[in-house]
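In our numbering, the protein residues as written are 2 to 235.
Heads up, the beta-carbon is just placed ideally off N, CA and C, and yes, glycines get one too.
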């Protein structure tokens, strides 16, 4: 398909997006179930857990927020949770900006609901689809909607059976999140240019964490990698 194909959205594109993300659903289910376990052990009710799962819809941010959460919750804890979630999700500013050449001219009432279901995974699927010359952004919407539904349901087994697991580390559940994101790097590999950007992002993030602690390394690492990718030649 020519790269000059008109930008559009169609039912076929939505169904294609849902089909493309089927392969990564097992990982998403496992990650969602682990969050259900963490939420149950933290004392959240099922309603609170489901609301966080469906409204925040960001795996890494939800786990970070649970590290900050304290019961009973107060304004200080609530602001701290909002702050760390914002810091971890700051990378989505860059992810969203990368979609502007594709969706920038579309009606806001279509774009903003689609951006609600934007994740690292369906962004990757959609960008690969775009790079192949396709312009149907239903791929982004369809994959995001299916991921959202599965993500919301996946919390249930972890929430109800999580009480049976006293120490998630004994089962290796603490490595699910880093393994999940490491797997996302594989299809992004395009050569030496990515190596430099990834290495710089890792160094800056590690240095930020060492000097300041917390989760600001996610933001500084993302910005460093973005600048490296933008200005360094192969």
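Distance CB(residue i)-CB(residue j) smaller than 8 Å
i, j, result
"residue 56", "residue 151", "no"
"residue 85", "residue 112", "no"
"residue 1", "residue 17", "Nothing about residue 1 can be reported from this structure: the residues present for the chain run from 2 to 235 only."
"residue 222", "residue 202", "yes"
"residue 97", "residue 119", "yes"
"residue 219", "residue 206", "yes"
"residue 138", "residue 104", "yes"
"residue 32", "residue 60", "yes"
"residue 160", "residue 50", "yes"
"residue 146", "residue 127", "no"
"residue 227", "residue 95", "yes"
"residue 87", "residue 69", "no"
"residue 67", "residue 41", "no"
"residue 7", "residue 136", "yes"
Buried/exposed call for residue i, threshold 16 Cβ in 10 Å
i, result
"residue 74", "exposed"
"residue 148", "buried"
"residue 12", "exposed"
"residue 83", "exposed"
"residue 53", "buried"
"residue 155", "buried"
"residue 38", "buried"
"residue 115", "buried"
"residue 134", "exposed"
"residue 3", "Bear in mind that the predicted position of residue 3 carries a pLDDT of just 44, short of 50, making it too unreliable to give a figure here."
"residue 36", "buried"
"residue 99", "exposed"
"residue 1", "This structure gives no information on residue 1, because the portion of the chain shown stretches from 2 to 235."
"residue 212", "exposed"
"residue 14", "buried"
"residue 225", "buried"
Span of the alpha helix (DSSP H) around residue i
i, result
"residue 232", "217–232"
"residue 30", "26–43"
"residue 158", "139–162"
"residue 95", "92–99"
Helix, strand or coil at residue i [DSSP, three-state]
i, result
"residue 121", "helix"
"residue 214", "coil"
"residue 108", "coil"
"residue 59", "coil"
Strand pairing of residue i, partner residues [DSSP]
i, result
"residue 72", "Beta-bridge pairing links residue 72 to no other residue."
"residue 46", "None; residue 46 has no bridge partner."
"residue 9", "137"
Residue i Cβ short of 7 Å to the ligand COA heavy atom set
i, result
"residue 225", "Ligands displayed in this structure: none; no statement on the ligand COA is therefore possible."
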